[in-house]
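Reviewing the structure listed below.
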Amino acid sequence: MSTGQGPEERIEAARAKQAAQRQAAQARRAAARARQEQRREQARGASTAGREEGLGLWLRGEPQGRRPRWSRDQIAAAAVGIADREGFEALTMRRLAAELGAGTMTVYYYVHNKGELLSLVMDAVMGEVALSPDEELPGDWKAAISLIARRTRDAIRRHPWVLGIGEDSPFGPNSLLHFDQSLGALASLDAPLAVKLDLLVAVDSFVFGYCLQERGAAGAGGTIPHAVQDYLTEMVRTGAYPRLAALVEELGFKKAWRALSEDLFDEGSFDRNLRRLLDGFEQSLGDAFS
5 MSTGQGPEER
15 IEAARAKQAA
25 QRQAAQARRA
35 AARARQEQRR
45 EQARGASTAG
55 REEGLGLWLR
65 GEPQGRRPRW
75 SRDQIAAAAV
85 GIADREGFEA
95 LTMRRLAAEL
105 GAGTMTVYYY
115 VHNKGELLSL
125 VMDAVMGEVA
135 LSPDEELPGD
145 WKAAISLIAR
155 RTRDAIRRHP
165 WVLGIGEDSP
175 FGPNSLLHFD
185 QSLGALASLD
195 APLAVKLDLL
205 VAVDSFVFGY
215 CLQERGAAGA
225 GGTIPHAVQD
235 YLTEMVRTGA
245 YPRLAALVEE
255 LGFKKAWRAL
265 SEDLFDEGSF
275 DRNLRRLLDG
285 FEQSLGDAFS
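Numbering-wise, the numbering used here comes out as the position in the sequence shown, counting from 1, plus 4.
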């Protein structure tokens with residue numbers, strides 16, 4: 005059936021339709037970006053609220069009553085155990101209640117909300133980092149801060165899920181103790197407080213960044229999927245990555261991959277690179293005050 009349109013009219017109509025489709029697609033993308041930004045804002049608000057909610061746990065003290073069934077440490081141990089075995093995403097009030105053999109509302113008597121639960125498990129992990137009263141830090145600031153850094157790494161390796169939630173957790177008693185001990189570790193460092201805080205930030209960034217990459221390398225297991233190998237091979241062949249191309253040519257693809265993943269994290273690499281960081285910081289202080 006004829007539409008009554010000539011070739012030029014049909015072309016013009018097709019162009020108009022395509023233009024309308026492009027505009028509609030742009031509008032959908034803009035709406036999607038707006039929704040995504042709204043979700044990010046809501047997540048940031050929830051994160052802040054969670055941190056504030058978590059503080060009430062420590063101001064209340066231990067649960068009171070004639071016969072409380074669990075101590076806070078017992079609840080924390082059960083919660084950390086769930087996160088270790090099943091991942092942090094599995095840790096809910098209902099799951100914790102099942103682990104304890106209690107009703108969900110009973111758990112709320114001890115831990116009032118998810119923010120407090122987050123604070124509880126993070127503080128339990130930080131309790132593994134903080135030194136006990138019968139332990140002492142070395143007198144040398146580099147040795148002392150290195151000890152704390154190693155304890156932090158060891159705790160993260162035991163509980164790798166903390167890497168995904170660390171910045172959202174409030175300061176519980178053990179977190180504050182860790183910070184206090186970190187300041188004490190730098191007591192022999194003759195530098196202003198601002199410089200010491202810079203150093204603590206640098207060391208924390210190194211430890212958490214190292215642990216993130218170490219976990220990724222462990223997950224790779226020294227192997228590379230065929231699809232990834234094919235992709236990287238084609239990318240290297242473009243000539244846009246001459247240093248990588250030279251490395252592959254020298255070692256072969258599999259050895260180069262191993263060198264760039266698991267070999268980066270040999271047994272001594274953490275201490276070796278931490279020492280370089282601290283030595284460099286010490287050198288910069290000498291240059292600044294000389």
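For glycine and all other residues, C-beta sits at the position ideal for the given N, C-alpha and C.
Here the structure is a predicted model, which means the values were calculated and not measured.
With respect to the alpha helix (DSSP H) encompassing residue i, which residues constitute its N-terminal and C-terminal limits?
{"i": "H182", "result": "P177 to A189"}
{"i": "L121", "result": "K118 to V133"}
{"i": "D77", "result": "R76 to E90"}
{"i": "T237", "result": "H230 to R241"}
{"i": "W261", "result": "F257 to L264"}
Please state the DSSP three-state secondary structure of residue i.
{"i": "K21", "result": "helix"}
{"i": "D194", "result": "coil"}
{"i": "E13", "result": "helix"}
{"i": "T108", "result": "helix"}
{"i": "T156", "result": "helix"}
{"i": "D283", "result": "helix"}
{"i": "A244", "result": "coil"}
{"i": "P142", "result": "coil"}
{"i": "L95", "result": "coil"}
{"i": "R219", "result": "helix"}
{"i": "D275", "result": "helix"}
{"i": "D270", "result": "coil"}
{"i": "I149", "result": "helix"}
Taking all protein chains shown into account, decide if residue i is buried (16 or more other Cβ within 10 angstroms of its Cβ) or exposed.
{"i": "S288", "result": "exposed"}
{"i": "H182", "result": "buried"}
{"i": "I15", "result": "exposed"}
{"i": "L95", "result": "buried"}
{"i": "T156", "result": "buried"}
{"i": "S75", "result": "exposed"}
{"i": "L63", "result": "exposed"}
{"i": "E201", "result": "The displayed chain sequence assigns Leu, not Glu, to residue 201. Exposed."}
My assumption, with CB atoms under 8 Å, is that residue i sits in contact with residue j. Please give the rounded CB distance.
{"i": "G60", "j": "H116", "result": "7 Å"}
{"i": "A80", "j": "L124", "result": "5 Å"}
{"i": "L203", "j": "L187", "result": "Incorrect: roughly 11 Å between the Cβ atoms, too far for contact."}
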